[in-house]
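A short write-up of the structure that comes next.
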Amino acid sequence: MAENIIKTEYSELMQKSYIDYSMSVITARALPDVRDGLKPVQRRVLYAMDQLGLNYDKPHRKSARIVGDAMGKYHPHGDSSIYETLVVLSQDFKKGMALVDGHGNFGSIEGDGAAAMRYTEAKLKKFTQDVYLSDLDKDVVDFVPNFDETEKEPAVLPVRIPNLLVNGADGIAVGMTTNIPTHNLSEVVDAVCAYMDNEDITTTELMQYIPGPDFPTGGLVINKSELAGIYETGTGKIKLRGKVVYEPAARKGEKDRLVITEIPYTMIGANIGKFISDIVDLVETKKTTDIVDVSNESSKEGIRIVLELKKNTDIENLKNLLYKKTKLEDTFGVNMLAIVDGRPETLGLRQIIKHHIDFQYEINTRKYTTLLNKELANKEIKEGLIRACDIIDLIIEILRGSSNLKMAKDCLINGNVDNIKFKSEASKNQAAKLDFTEKQASAILEMRLYKLIGLEILALQKEYDECLSKIAKYEKILGSKKAMAKVIKDDLVRIKKEYGVERKTVITDAKVAVFVEKEVPAQEVVFIMDRFGYAKTIDTASYERNKEAIYNDFKYVFTCMNTDKICIFTDNGQLHQIKVKDIPFLTKFRDKGTPIDNLGNYDSSGELIIYLCAYETIKNQKLLFVTSQGMMKIVDTVEFDVAKRTVASTKLQDDDKIVSIEKADVQVETLSKFNLDGSRSEVEEIVSNKNVIVQTANGVFLKFPLSEIPVKKKSAVGVRGIKLGKDDYIEDIFIMDDGMEFTMEYKGKKIDFAKMKMAHRDTKGIKVRV
């Protein structure tokens, strides 16, 4: 067979492949369908449970069995994602209405993971069976082949409520995300009914029924005035707060308390532990001295985080501190993105409800069409049986006179009396006139003799009358949009009555939290840090008493103001800044202090401190930066006066690092320069009587004037200070006044820097022979 080589542009092929992959992730993995509000994995898990017969009134089944069925039949993407979906569907603190009844350890609101799937058990909730999975046998949705075309699965579940609103959704696709908050079932049902009564209803009018999200964790939504814009566009930010209750001391010896009884939805999981940790940090860094103790007394009954307070604490100010500095106030980013007709689309509240109602009309039309066809077929059979009862003697005569079933059936349908023996010619003539349908003839032939009892015949007539009544009902529903709307609304009202719950989240407009920080009197302190990175500040009196011991035991020691900030320049070109007031102030210099890593963004495992100082000591000065590859520049420290905790202090080339940062002690003068075309421009020149001595790892030394190194921005790489030999790099630099006597010993040989020959920047230097 000859090869068929297709020549194509590589970029076009990559683009097409990436687009195909992206659309697969977007439509078949990460985003929910607007019709049932479910992602494919959620839909498949629920359908697999339904197929396993895990009804609410049946025993629980091992989660591993559910995961296995879902993965083997419908979702071949790994068991961990399926089990995680099953766990989340059972967690009532994540879902507005939990859909799975979990038995065993299915995780907790504090972030504890679920037990392994071999230990836990699950089944469907009654709500799920009634609202999400009923009528699947009535051809209400399309069934599509599974991944290997050995099974059929529903393209969408016939969910009767706007699940996209009730249970919300979150997912990360390629280049897009969805994040939809949960809402109250009863309110959503009311809004859907209101829309069906008036299709021109506005978003603002719908919000009379749905005032805002209703999170399972309760709490408060504090930007009520902004919700209308969010529901109109489908995007925005909802501001959340936890519920804080003040409990005064009940008896002598007890302390006043602040108790957090409800948390923001975004605090679910590990953020509860972080919240408590943040409170501890506030106490340790003395941001507040009002909190004596913090304890987590949460249980199955609900959240209860207790803060014990000092006497006469300013409660409102402390609340505002918690709102400002912890996750007690947080933001929920809304992006109501869902799949609509196979494409991702950002939807407003009104659009979601409209798509849901269109879906309800569709599934109810299919449902009642199926029911009508079933009753029409039933009517046909009942009519045949009633007619057969009236001429039962003739039919028995036909059956007795026929030699086989086919002959009898042909007579009933077509009146064919050939080869059938009759008792009389009259019976034969009467039989020749029979014209039962195929279905009627089959039903007559299958009819049991006890059906000929008088009461059974009456029951048959009653069933026929009921059948006619149902046909009239179904035809009325299918023939009138108003009648169909009534059926849908009646069903919604029933669901609301049976499963509706009270709202948990309070919707309000709250004032912005303003924390008035107590003024810390400015005082001089001494910063000390040992070689292990433990840092602290002490008062000057303690420093003076223990000066000798301090310099023996600590690597960095300098005085600074408690209103200043500490600058940490590292070898990878980063500048980390820490406020002095955030560093523990200890009365005894022997107390260990706190690791510098815990106070800022500095990471001792991946960075090396090159220069550490208080900002005030370098303010309005110049720093000389030198890298291992020989790049040098002078930077004005005004560039480091920034609010960010971490910024880039310089730009480095690949595989380069800073080896030295020194105070340059230079002045910059602006001079006029005449260009070749006669024009004049201003240039900056460094004025300095200092020299730089560069030492490399291979023993090469270069001495040149400091003034040859230019002043650059912190974002610049700099200029080359020395031409390095192969595999050589800068090891150290020295700055000294011109004419200053200075000697050093290098590998047993004394080097006099004063006698070293003066050269220029970007030359090779002199190798010292040892």
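Residues in the sequence shown are numbered consecutively from 1, following full-length UniProt numbering.
Virtual Cβ for every residue (Gly too), placed ideally from N, Cα, C.
Nothing here was measured: the structure is a model prediction, and the numbers come from that model.
Next on the checklist: If contact is defined by three or more beta carbon pairs under 8 Å, each pair taking one atom from either stretch, is the stretch 149 to 157 in contact with the stretch 342 to 349?
Outcome noted: no
Checklist entry - Going by the CB atoms, is the gap between residue 173 and residue 338 shorter than 7 Å? => result no
Next on the checklist: With H, G and I counted as helix, E and B as strand and the rest as coil, what does DSSP make of residue 38?
Outcome noted: coil
Next on the checklist: Is it the case that the stretch 4 to 12 contacts the stretch 326 to 336, given that we only count it when at least three CB pairs across the two stretches are under 8 Å?
Outcome noted: no
Checklist entry - What do you get for residue 355, buried or exposed, if any count of 16 or more other CB atoms within 10 angstroms of its CB means buried? => result buried
Next on the checklist: Between the alpha carbons of residue 301 and residue 262, how many angstroms are there, rounded?
Outcome noted: 12 Å
Next on the checklist: Just to confirm, is the Cβ distance from residue 264 to residue 229 under 7 Å?
Outcome noted: no
Checklist entry - Leaving out the 5 sequence neighbours to the left and right, which residues in its chain are closer than 7 Å to residue 87 when beta-carbon positions are compared? => result 106, 107 and 114
Checklist entry - In terms of alpha-carbon separation, which member of 313, 743 and 98 lies closest to residue 248? => result 313
Next on the checklist: Beta-carbon within less than 7 Å of residue 188's beta-carbon, same chain only, minus the 5 sequence neighbours each way: which residues are those?
Outcome noted: 161, 162, 165, 166 and 210
Next on the checklist: If you measure between the beta carbons of residue 290 and residue 318, is that distance less than 7 Å?
Outcome noted: yes
Item to check | Cα-Cα separation, residue 159 to residue 35 | outcome: 8 Å
Checklist entry - Which residue's Cα is closest to the Cα of residue 370: 475, 89 and 521? => result 475
Item to check | From 393, 439 and 392, residue whose alpha carbon lies closest to that of residue 413 | outcome: 439
Checklist entry - Is it true that the CB of residue 578 sits closer than 7 Å to the CB of residue 600? => result yes
Checklist entry - Leaving out five residues before and five after residue 564 in sequence, what residues of the same chain have Cβ atoms less than 7 Å from its Cβ? => result 580, 614, 615 and 616
Next on the checklist: Among the candidates 95, 655, 753 and 140, whose CA atom is the shortest distance from the CA of residue 693?
Outcome noted: 753
Checklist entry - How close, in whole Å, do the beta carbons of residue 49 and residue 136 come, if the pair is a contact with beta carbons under 8 Å? => result That pair is no contact at about 12 Å.
Checklist entry - With distances taken from CA atoms, which of 706, 700 and 744 is nearest residue 727? => result 700
Item to check | Ranges of the alpha helix (DSSP H) found wholly within the stretch 418 to 502, counting only runs of at least 4 | outcome: 425 to 432, 438 to 446, 454 to 479 and 481 to 499
Checklist entry - Does the Cβ of residue 233 lie closer than 6 Å to at least one heavy atom of the ligand HEM? => result What this structure holds is no ligand at all, so the ligand HEM is not there to describe.
Next on the checklist: Quick check: residue 589 and residue 550, are their CB atoms within less than 7 Å of each other?
Outcome noted: yes
Checklist entry - If you run the structure through DSSP and keep just helix, strand and coil, what is residue 225? => result helix
Checklist entry - Which two residues bound the contiguous beta strand (DSSP E) that contains residue 355? => result Careful: residue 355 lies outside any beta strand (DSSP E), inside the alpha helix (DSSP H) at 349 to 390.
Item to check | Proximal residues to residue 757 (C-beta, below 8 Å), its chain only, five neighbours per side dropped | outcome: 703 and 766
Next on the checklist: Can you give me the C-alpha to C-alpha distance between residue 776 and residue 456, rounded to a whole angstrom?
Outcome noted: The shown model of the chain, from 1 to 770, leaves out residue 776, and the question about it has no answer.
Checklist entry - Which of the three DSSP states, helix, strand or coil, is assigned to residue 233? => result helix
Next on the checklist: To the nearest angstrom, how far is the alpha carbon of residue 540 from that of residue 748?
Outcome noted: 41 Å
Item to check | Inside the stretch 720 to 766 only - alpha helix (DSSP H) runs reaching at least 4 residues | outcome: none
Item to check | Minimum C-alpha distance to residue 453 - residue among 22, 593, 386 and 324 | outcome: 386
Checklist entry - Between which two residues does the beta strand (DSSP E) carrying residue 338 extend? => result 337 to 340
Checklist entry - Would you call residue 397 buried or exposed, if buried means 16 or more other Cβ atoms sit within 10 Å of its Cβ? => result buried
Item to check | Bridge-paired residues (DSSP) for residue 648 | outcome: 574
Next on the checklist: What does DSSP give as the partner residue(s) for residue 307 in the beta ladder?
Outcome noted: 258 and 294
Next on the checklist: To test your reading of the DSSP string, which unbroken alpha helix (DSSP H) runs of 4 or more residues are found completely within the stretch 135 to 214?
Outcome noted: 163 to 166, 185 to 197 and 203 to 206
Checklist entry - Is residue 110 helix, strand or coil by DSSP? => result coil
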